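Number 163 in full-length UniProt numbering belongs to position 163 of the sequence shown; there are no gaps in the numbering. Virtual Cβ for every residue (Gly too), placed ideally from N, Cα, C. Quick caveat: nothing in here was measured; it's all calculated off a predicted structure.
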Amino acid sequence: MTGDSGSDGDRVRRRRRRERKPAAGGGGRLVRAKGRKDSSREWLQRQLSDPYVAEAKRLGYRSRAAFKLIEIDDKYKLLKSGMRVVDLGAAPGGWCQVARERVGERGQVVGLDLLELEPLPGVEILQGDMNEPETVDRLRARLGGPADAVLSDMAPNATGHKRTDQLRVLAVVEAALDFAERVLAPGGMFLAKTMQSGGTGELAARLKREFRQVRYVKPPASRSASAETYVLATGYRGPQSTGAPPESD
């Protein structure tokens, strides 16, 4: 009798324990949540131990990415006094700050972004979609002439799927290049974030057709574990190289 009662009690307790276990879907959510927490923790640890983050804070730059442009410009001497510079996807503004320093008071820097950008000394802010013709027209009016440089540190959110991420990055670079073609002066330069091995094929051919020199650079401030690199195209050949008629002012 006692043994039977004990067996029944054990079965009830086991059933209750099973009922308390999360279903498979819930377990999956717990695993994903844990993965996000681990990823956030790793990002925070990397930020805290990153000397570029500390130096950006000390010097008043809005992002560590400012040092990528500094290092590229120090090596290739791209930004000069008096230049007109457009920074696409400018938020939070680190590249705008560097460009402003390099082109001086005689130069002009316009930061363009879909997002609202906090004011920056000496930088003109333009909020809009670079893919919209109206935005191009507004920028051209703001500049009062063609741009000497178009910069882009834009990148889409990563999915974790390598091929998908490459295609999405290339789409952003191509859109930035479409924009650059419409505002650059002959002889101008284009600098944009891309991915390693992501500059082959049609985009590479297009860049070589439209610019006199194309190179790929990875500044020291770009984390070694990151697949990002930058395409630097100089000596824009002008609208005739794109096959499109020049736009009238």
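- Taking a cut-off of 8 Å for Cβ pairs, the segment 178-192 and the segment 216-236 touch, as three or more such pairs fall below it.
- If the five residues before and after P92 are omitted, its C-beta is found closer than 7 Å to the C-beta atoms of R62 and S63, all from its own chain and listed in chain order.
- When secondary structure is reduced to three states using DSSP, Q196 falls in the coil class, being assigned neither helix nor strand.
- Only residues of its own chain outside the window of five on either side were considered, and among them M154, A155 and P156 have a CB closer than 7 Å to the CB of V172, listed in chain order.
- For R84, the uninterrupted beta strand (DSSP E) run begins and ends at R84 to L88, by DSSP.
- Selection P220, P219, A221 and A204 evaluated against Q213 yields A204 as nearest (Cα-Cα).
- Positions of the alpha helix (DSSP H) runs, each at least 4 residues long and wholly inside the segment 58-82, are given as 66-76 in order along the chain.
- For A90, the closest C-alpha among the options L177, V110 and R206 is that of V110.
- Here V231 carries a strand assignment [DSSP, helix/strand/coil].
- If you draw a 10 Å sphere on the C-beta of R100, you find 16 or more other C-beta atoms in it, and that means buried.
- In terms of Cβ geometry, I70 and Y230 do not form a close pair [threshold 8 Å].
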